[in-house]
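Residue numbers (UniProt numbering): 1 to 200. For reference, the structure is listed below as structure tokens.
Pasting the structure below:
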């Protein structure tokens, strides 16, 4: 499986020999085995392994076979290695798609540990949704406040416009009053002049 996935063309046997002779520059078989023995998955009970089969692999139909054959965490490398005799004859998994699915999921859990619960994702999702709702509510409140302020500002502008019109009217009235007073004064002066002329 790994050879196909990683597309090893040549040198596979040499790498295998170096690995099994503890001559690999990255990790040895002993280190790998030690890590596996200490892993959480290795110490899974039959119930935990069956729960993994039902929930993560989603193949509930084989749970009874796993119970009957006491498949616990320490057996998972046999599933990951695609041990066909064990999968087919002992566990009775005839469907090649199901065998492949179990093999891939077992390899995943052996190499990378137990699947992370979706509770964290759910919690993050609920938190984000709550924050989004709070943000929408705040935006709605701000929008209402801005609309209210805009309405008040428009009312103030309307009052200001009316006041300006009244002021202009008053100014025109005063101008016309001043003009008429000036005309009266002028007429009065003319009459005085005329009277003076008559008296002389």
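Beta carbons: idealized from backbone N, C-alpha and C, even for Gly.
Below 8 Å between beta carbons: does that hold for residue 115 and residue 56?
yes
Just the Cα atoms here: how many angstroms apart are residue 85 and residue 98?
14 Å
Segments of 3+ residues assigned as beta strand (DSSP E) that fall wholly inside the region 47-91:
none
For residue 66, count neighbouring C-beta atoms within 10 Å of its own C-beta (all shown protein chains included) and say buried if the count is 16 or more, exposed if not.
buried
Using CA coordinates, which residue listed in 69, 35, 30 and 34 is at the minimum distance from residue 47?
69
Taking 8 Å as the cut-off, does the region 72-85 touch the region 146-156 (at least 3 CB pairs, one atom from each stretch)?
no
Going by DSSP in three states, residue 186 sits in which element: helix, strand or coil?
helix
In or out: residue 91 buried (at least 16 other Cβ within 10 Å) or exposed?
buried
According to the Cβ coordinates, are residue 109 and residue 41 closer than 8 Å?
yes
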